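Student: As given, the protein sequences belong to chains A, S and D, one line each in that order.
Going left to right, the first sequence walks through residues 0 to 292 as numbering that gives the first Met the number 0 numbers them.
Going left to right, the second sequence walks through residues 0 to 497 as numbering that gives the first Met the number 0 numbers them.
Going left to right, the third sequence walks through residues 0 to 304 as numbering that gives the first Met the number 0 numbers them.
Even for Gly, the Cβ is constructed at its ideal location relative to N, Cα and C.
Note that the structure is predicted; figures quoted are calculated from it, not measured.
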Amino acid sequence: MASRRALASLVAIAARVGRRRHASLVLGGAIVLLVAAMALLAPVLAPHSPYEQNLANRLAPPLFLGGTQASHPLGTDMLGRDYLSRLLYGAQIALLVGLGTVLLSSLIGTTIGLLGGYYGGWVDSVAMFLVTVRLSLPLVLVALAVVGLIGSALSVIMGVLAGLLWDRFAVVTRSLVLQLREREFILAARAAGASDLRILLTEILPNLAAPLTVIATLEMANAILLEAALSFLGLGVKPPEASWGLMIAEAKDLVFFQSWLINLPGVLLFSLVVGINLLGDGLRDLLSAKHAD
Amino acid sequence: MLAVVAGLLALPAAPSLAGKADDTLNVGFRLQLQGLDAYYAPGREGLLLSFWAYDALVYRDPKTLEFKPLLSTGWRQVDDRTLEFDIREGVKFHDGTVLTADDVTYTINFAVRPESKVFNQFFIAWIEGAKTVAANKVQITAKAVAPMALQYLTGLPIYPAKYYQQVGKEGMAAKPVGTGPYIARALPNNSFEFKRNPDYFADSPKGKPPIGRMVYKTIPDVSTQVAELLTGGLDWAYHVPNDQAEQLKTNPRLKVVNEESYRVAYLTLDAAGKSNPSTPMRDVRVRRAISHAIDREAIAKNLVGGASRVIHSACYPKQFGCIDDVMRFAYDPAKAKALLAEAGYADGFAVEIYGYRSRQIAEAIIGNLRAVGIRGNLNWLQYPAVVEKRRSNQAPMIVDDWGSASFNDVAAIVPVFFNGGIDDYSMDAEVTKLVDTGGTSLDPKLRAEVYAKALQRIAEQAFWVPLHTMPINYVFSADLDMAVPSDEIPEFFRARWK
Amino acid sequence: MAGFVLRRCLVAVLVLLAVSMLSFGLLKLSGDLATAMAGEQAGADYVAFLRKEYGLDRPLPVQYLHWLGRTLTGDLGTSFYYATPVTDLVAERLPITMTLGLSALLFAVTLSVPLGVLAALHPDGWIDRVVLGIALLGQATPTFWLCFLMILLFGINLRWLPISGTASAAHYVMPTVALGYYAAPAFTRIVRAGMIEALASDYVRTARAKGLRPHAVVLQHALRNALVPVVSVAAVQLGFMLGGSVVIETIFALHGVGYLAWQSISQNDYPVVQAIVLTIACFYVVLTLAADLLNAAIDPRIRLS
Chain A
0 MASRRALASL VAIAARVGRR RHASLVLGGA IVLLVAAMAL LAPVLAPHSP YEQNLANRLA
60 PPLFLGGTQA SHPLGTDMLG RDYLSRLLYG AQIALLVGLG TVLLSSLIGT TIGLLGGYYG
120 GWVDSVAMFL VTVRLSLPLV LVALAVVGLI GSALSVIMGV LAGLLWDRFA VVTRSLVLQL
180 REREFILAAR AAGASDLRIL LTEILPNLAA PLTVIATLEM ANAILLEAAL SFLGLGVKPP
240 EASWGLMIAE AKDLVFFQSW LINLPGVLLF SLVVGINLLG DGLRDLLSAK HAD
Chain S
0 MLAVVAGLLA LPAAPSLAGK ADDTLNVGFR LQLQGLDAYY APGREGLLLS FWAYDALVYR
60 DPKTLEFKPL LSTGWRQVDD RTLEFDIREG VKFHDGTVLT ADDVTYTINF AVRPESKVFN
120 QFFIAWIEGA KTVAANKVQI TAKAVAPMAL QYLTGLPIYP AKYYQQVGKE GMAAKPVGTG
180 PYIARALPNN SFEFKRNPDY FADSPKGKPP IGRMVYKTIP DVSTQVAELL TGGLDWAYHV
240 PNDQAEQLKT NPRLKVVNEE SYRVAYLTLD AAGKSNPSTP MRDVRVRRAI SHAIDREAIA
300 KNLVGGASRV IHSACYPKQF GCIDDVMRFA YDPAKAKALL AEAGYADGFA VEIYGYRSRQ
360 IAEAIIGNLR AVGIRGNLNW LQYPAVVEKR RSNQAPMIVD DWGSASFNDV AAIVPVFFNG
420 GIDDYSMDAE VTKLVDTGGT SLDPKLRAEV YAKALQRIAE QAFWVPLHTM PINYVFSADL
480 DMAVPSDEIP EFFRARWK
Chain D
0 MAGFVLRRCL VAVLVLLAVS MLSFGLLKLS GDLATAMAGE QAGADYVAFL RKEYGLDRPL
60 PVQYLHWLGR TLTGDLGTSF YYATPVTDLV AERLPITMTL GLSALLFAVT LSVPLGVLAA
120 LHPDGWIDRV VLGIALLGQA TPTFWLCFLM ILLFGINLRW LPISGTASAA HYVMPTVALG
180 YYAAPAFTRI VRAGMIEALA SDYVRTARAK GLRPHAVVLQ HALRNALVPV VSVAAVQLGF
240 MLGGSVVIET IFALHGVGYL AWQSISQNDY PVVQAIVLTI ACFYVVLTLA ADLLNAAIDP
300 RIRLS
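1) Taking 7 angstroms as the cut-off, does the CB of G45 (chain S) come closer than this to any heavy atom belonging to the ligand FAD?
2) Within the 8 angstroms Cβ cut-off, does A107 (chain D) reach chain S?
3) Since L153 (chain A) and V236 (chain A) should fall inside the 8 angstroms C-beta cutoff, what is the C-beta to C-beta distance between them, to a whole number of angstroms?
4) Report the residue ranges of all beta strand (DSSP E) runs contained in full by the segment 152-208 of chain S; include only those spanning at least 3 residues, in chain order.
5) Helix, strand or coil for Y473 (chain S) per DSSP?
6) Please report whether the beta-carbon of I279 (chain D) lies at a distance below 8 angstroms from any beta-carbon of chain S.
7) Quick check: the segment 82-100 of chain A against the segment 39-48 of chain A, are there 3 or more CB pairs under 8 angstroms?
8) Could you name the residues of chain A that T96 (chain D) contacts, counting a contact when the two beta carbons are closer than 7 angstroms?
9) What does P187 (chain S) reach in chain D if we use C-beta pairs closer than 7 angstroms?
10) Please check the pair F251 (chain D) and S163 (chain D), which I expect to be a contact at CB under 8 angstroms, by giving their CB distance rounded to whole angstroms.
11) Sorted by chain position, which residues of the same chain lie with C-beta nearer than 8 angstroms to R180 (chain A)'s C-beta, five sequence neighbours on each side aside?
12) Grouping DSSP H, G and I as helix and E and B as strand, with all else coil, what is R212 (chain D)?
13) Quick check: the segment 189-202 of chain A against the segment 133-140 of chain A, are at least 3 beta-carbon pairs closer than 8 angstroms?
14) With a cut-off of 8 angstroms, do at least 3 Cβ pairs link the segment 263-273 of chain S to the segment 21-29 of chain D?
15) Using the C-alpha atoms, what's the distance from A215 (chain A) back to L308 (chain A)?
16) Relative to the C-alpha of D22 (chain S), which candidate in S:T81, S:N188, S:W463, S:M213 has its C-alpha closest?
17) Could you check the C-alpha separation between S167 (chain D) and G419 (chain S) for me, to the nearest Å?
18) For D94 (chain S), I'd like the list of residues in its chain whose CB is within less than 6 angstroms of its CB, leaving aside the five on either flank, ordered along the chain.
19) Quick one: what does DSSP say Q246 (chain S) is sitting in, helix, strand or coil?
20) I need the boundaries of the alpha helix (DSSP H) containing F492 (chain S), first residue and last residue.
21) Skipping 5 residues on each side, what residues in its chain have a beta carbon closer than 6 angstroms to that of A274 (chain D)?
22) Tell me the rounded alpha-carbon separation between P276 (chain S) and Q393 (chain S).
23) Run through DSSP, which three-state label would P14 (chain S) get?
24) Does any C-beta atom of chain D lie closer than 8 angstroms to the C-beta of T131 (chain A)?
25) Give the single residue among S:P240, S:G305, S:V409 whose Cα lies nearest to the Cα of F121 (chain S).
26) Which residues in chain A have a C-beta closer than 9 angstroms to the C-beta of D399 (chain S)? List them in chain order.
27) Measure the C-alpha to C-alpha separation of D282 (chain S) and A342 (chain S) and round it to an integer number of angstroms.
28) Ignore the nearest five residues each way along the sequence and tell me which others in K452 (chain S)'s own chain have a CB closer than 8 angstroms to its CB.
29) Determine whether the Cβ of G281 (chain A) lies closer than 8 angstroms to any Cβ atom of chain D.
30) Short check: CB of L454 (chain S) to CB of A313 (chain S), under 8 angstroms?
31) Give a yes or no on whether the C-beta atoms belonging to A133 (chain S) and L82 (chain S) are separated by under 8 angstroms.
32) Does any residue of chain S have a CB that is nearer than 8 angstroms to the CB of Q52 (chain A)?
33) From G347 (chain S) to P184 (chain D), what distance separates their C-alpha atoms?
34) Quick check on the burial criterion: 16 or more other C-beta atoms within 10 angstroms. Buried or exposed for T230 (chain S)?
35) Taking beta-carbon pairs under 7 angstroms, can you tell me which members of the segment 61-81 of chain A lie near chain S?
36) Whole angstroms is fine: what's the gap from P251 (chain S)'s alpha carbon to M173 (chain D)'s?
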């Protein structure tokens, strides 16, 4: 029943995409797909290992800036590593950090929002209290402090970011559940004797999928930018991993001279974040159009 | 952005720099001064502070390396362990009080007391105590024969006893009173002002500063420093990485000089198992493998650049007692892997690495280690925090460097790290014994001999991986007439405008 | 109203308590304080003495209460690195960060209110699209990139602005723009949404029907209502900016609390770090409390929810 409803809404969305022009959705989707393709195909596309260093051949310019080494079409970095390969592998880390963080943070946020919205009363008060506490913690500072203490393994970074980026999931989930819980199909399910857990998971959650996807895109963009900021401050992804944020951090001392070193990962990071945001905006438009129907 | 950069280096010369116009020399540093009490200011900047705002009993001429009287007028060896100093008369502290023998005695005894916990322990570790023996005479007694006594004394600034007892180290850090060529004061935003001391004593070998004011600016980001140099916001900076220095050479308003220093870079390995009793690095084969894994030649040539060269011994080649004729480890990853396999680490191992100076050199080393299976996990901290990690037995591997406080003698480096103390991660009884002998003898021949033996053992046991010398890039305004130091001690009090 | 104020204040106090527990946790996580305080050359008995003196041998809840008591009297401990009271350190640097945060807030609001209004006048028109586009770019531009671009353009090439330090108001211009630019999109979206809603509302329609001129309607009626949420968002954003200026302070060598926090983290100086986290959280809580009370005073409906 519930899955059929979710499927139906997906079909309706797909139909709407086909019917109207959704420029931002299409553009955003294309960018994200492109980056995903980079990440997945990195082992195939990359001409070199991203870790292979050659100090004698460092800072070779890319071909479009007068470089002459065909084997390094985007030049080499300050340790002579192939820049194209590192950029491709960097897509893996960006998406991994983005997706990993959002998966975790949506789990935390949705759970808190579901419980608060469904049970109301003191459970809801506790849920909202947690959100307020989370919001009063300075994001970048706490992330830096905790990573500085525990170390910056990729899993730690994702965990810390997830622990700080769940609030919007909780707030949106809660307000949606508040609207849903008095709706007929929920009341019917309850009357039929379904357990709370069953109602939450099979009746309510599927109805949240679409709006939560919108939040997920925004938070994913946030997580990716935060990872870059952590790396910039020297507390992000560890070398020699190829993360765009780390690549920018490594190149920052040369920003006025070999600016392509910072611009290439910078543009990719920027594009990915724009793409994810466009995708989110597009999805939101689609949903509000659906509500208007 | 690319087009903007292209025009960047071809900028026309600015008519006049702000610094020259208002007689203020703006100097940039990455590390901030931790207050203005020189005994508690760590690192090179702390040492520099002691020369700017304070004076010691003795001064070392940077050209001839001769010792000259500064707050003393002369000295003599009373016995094997005792030096007697004649204290200069008529020298005034910045607050107007007159320097006395008791100030000298008080300062030395204060620094020596263990509970004072001054930062640079190796400057004072040799002293037993000081006492005033006549109105203008002070005797300083060493614990044992101390060949480096005068050298150490150049780095011990003399404080006004009464004032310091009154205000303590917090007071001194905020409002310092010395006798030096500059009167120091904290400005907002971690800047410090050094104003010419108008009453600086005429006979000082340092001389009264021709430029009226110097401002120490703490700018942590290299790119920001470079931008300030390009626009005249800074008149002087050092430790500018080679890539940037090369680019700045093309700017007509700046001078770039690459000059050797006493600083050498090396990797410390936890041979004693201080950080973890079961660390693979207790095995000499593992330490040798690490030595073979690192391509020092490529690092010195391509990353450090300038006049940098590879070293094989745990000292700066020109220092007294330094020998380069020790066991060498050529760059040979295959051999490194074989050695690791022999030691039972065919699959390598993971190790925490600490670093603070050059990220790209640390990353190159991590790349080299990874190629033989050693997975280095880089912890990037500030220098004092790395020292703290080392002293609390938490640093299995450090990408470290040491400037020997610009002493021209291995006694300023080998005993510091191989004395069996808190900074020693090899705890090798044999080396410690040799180092002790060298540190307590006045006979140059014997000292050279024992240090040579110690350095040979250090190399053979691969306690360290000596990396390279660290010539320093000085970048400064073309309007500035100032000698580039060959000992990493910039003497701004001699600088003048062209 | 009194009930609302009381309830809201109680929540604020509880939030602060929770944050203080987290700060305390951060401090405890950073290692053995007694060893750190004693310094490297200290003997075991001195460490034991300190542990007893500071109550570090007692159960965790007791330690927390002890610590909370000290904190409430303004004693946030001593910095390992500077060996000075943390309160002094933070107080000394807070003005720089506050100046930066407030000017960035002002910049963001001045930039985004006109943009938001313009966009709302013709939703989906080309102005709207451009404005939303700008907002999107603002959200996606990594701060440090913008900083370096500005230094290059305004600092080095045009020589209009000084690059680093805090010597004059001009020194704050680039950091302000960098920080404010990041916060502006949130305001633009809120003003736009608020205006669209207000313009479609009954009272604006009534005003229009009464023959008021369009710009009078927009400025006097719609904008006033659209600005209400801006107040509370401004409080939230200021809180964010106080904690989010780390990158900017590092690049422009502004030695405010953000830079101090970053530096203290890389020096393992956690008494300073926890103090900064706590201070900024306090600011945030007080600001949002003030904004809530202000909003409640303006809009009676809020009090009932």
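Tutor: In brief:
1) Because no ligand of any kind appears in the structure shown, any question about the ligand FAD cannot be addressed here.
2) As a position in the third sequence, residue 107 (chain D) is number 108, starting the count at 1. No - not a single Cβ of chain S is within 8 angstroms of the one on A107 (chain D).
3) Mapped onto the first sequence, residue 153 (chain A) falls at position 154. Mapped onto the first sequence, residue 236 (chain A) falls at position 237. Contact holds; Cβ gap of about 6 angstroms.
4) 181-186, 190-195
5) Residue mapping note: residue 473 (chain S) aligns to position 474 of the second sequence, counting from 1. Residue state, collapsed to three classes: strand.
6) Here residue 279 (chain D) is taken as the residue at index 280 of the third sequence, counted from 1. Output row for I279 (chain D): interface = no.
7) yes
8) Translated into the one-based positions of the third sequence, residue 96 (chain D) becomes position 97. Correct list: empty, because the minimum Cβ distance to chain A is about 11 angstroms.
9) Stepping through the second sequence from its first residue, residue 187 (chain S) is reached at position 188. Those within 7 angstroms of P187 (chain S) in chain D are T165.
10) On the third sequence, residue 251 (chain D) is found 252 positions in, with the first residue counted as 1. On the third sequence, residue 163 (chain D) is found 164 positions in, with the first residue counted as 1. Indeed they touch by this definition, with Cβ atoms about 5 angstroms apart.
11) Position 181 of the first sequence, counting from 1, holds the residue named residue 180 (chain A). Here the set comprises G116, Y117, I203.
12) To locate residue 212 (chain D), count along the third sequence from 1; it is residue 213. R212 (chain D): coil per DSSP, three-state reduction.
13) no
14) no
15) This structure cannot speak to residue 308 (chain A), because chain A is shown only from 0 to 292.
16) What you label residue 22 (chain S) is simply residue 23 of the second sequence in a count that begins at 1. Measuring from the Cα of D22 (chain S), the nearest candidate turns out to be S:M213.
17) Counting from one through the third sequence, the residue named residue 167 (chain D) turns up at place 168. Counting from one through the second sequence, the residue named residue 419 (chain S) turns up at place 420. S167 (chain D) and G419 (chain S): Cα-Cα distance of roughly 51 angstroms.
18) To locate residue 94 (chain S), count along the second sequence from 1; it is residue 95. For D94 (chain S), where only same-chain residues beyond five positions count, the Cβ hits under 6 angstroms are V176.
19) Within the second sequence, numbered from 1, the residue matching residue 246 (chain S) stands at position 247. Q246 (chain S) falls in the helix class under three-state DSSP.
20) For this step, residue 492 (chain S) is matched to residue 493 along the second sequence. No alpha helix (DSSP H) contains F492 (chain S), which DSSP labels as neither H nor E.
21) By 1-based counting over the third sequence, the position of residue 274 (chain D) is 275. Around A274 (chain D): L75, V85, V89.
22) The residue you call residue 276 (chain S) lines up with position 277 of the second sequence. The residue you call residue 393 (chain S) lines up with position 394 of the second sequence. Spanning the two alpha carbons is a distance of roughly 12 angstroms.
23) Here the question's residue 14 (chain S) lines up with position 15 in the second sequence. Residue placement at P14 (chain S) cannot be trusted, given a pLDDT of 37 that sits under 50; what the coordinates show is reported in the next sentence. Here P14 (chain S) sits in coil by DSSP.
24) Locating residue 131 (chain A) in the first sequence gives position 132, where the first residue counts as 1. For T131 (chain A), the answer is yes, since a Cβ of chain D falls inside 8 angstroms of its Cβ.
25) In the second sequence, the residue the question calls residue 121 (chain S) occupies position 122. Taking only the C-alpha atoms, the option nearest F121 (chain S) is S:V409.
26) By one-based count along the second sequence, residue 399 (chain S) stands at place 400. What D399 (chain S) touches in chain A: nothing, since even the nearest Cβ is about 18 angstroms away.
27) For the purposes of this step, residue 282 (chain S) is taken as the residue at position 283 of the second sequence. For the purposes of this step, residue 342 (chain S) is taken as the residue at position 343 of the second sequence. Between D282 (chain S) and A342 (chain S), the C-alpha separation is close to 7 angstroms.
28) Residue numbering aside, residue 452 (chain S) sits at position 453 when the second sequence is read from its first letter. These residues qualify, in order along the chain: L433.
29) Counting from one through the first sequence, the residue named residue 281 (chain A) turns up at place 282. So no, G281 (chain A) is outside the interface.
30) The sequence position of residue 454 (chain S) within the second sequence is 455, counting from 1. The sequence position of residue 313 (chain S) within the second sequence is 314, counting from 1. In this structure, A313 (chain S) lies closer than 8 angstroms to L454 (chain S) by Cβ.
31) For the purposes of this step, residue 133 (chain S) is taken as the residue at position 134 of the second sequence. For the purposes of this step, residue 82 (chain S) is taken as the residue at position 83 of the second sequence. Going by C-beta atoms, A133 (chain S) is not nearer than 8 angstroms to L82 (chain S).
32) For the purposes of this step, residue 52 (chain A) is taken as the residue at position 53 of the first sequence. Answer yes: the Cβ-Cβ gap between Q52 (chain A) and chain S drops below 8 angstroms somewhere.
33) Position 348 of the second sequence holds residue 347 (chain S). Position 185 of the third sequence holds residue 184 (chain D). So the alpha carbons of these two residues sit roughly 49 angstroms apart.
34) Reading the second sequence from its first residue, position 231 is the one you call residue 230 (chain S). Label assigned to T230 (chain S): buried.
35) M77, L78
36) For the purposes of this step, residue 251 (chain S) is identified with residue 252 of the second sequence, where counting begins at 1. For the purposes of this step, residue 173 (chain D) is identified with residue 174 of the third sequence, where counting begins at 1. Spanning the two alpha carbons is a distance of roughly 27 angstroms.
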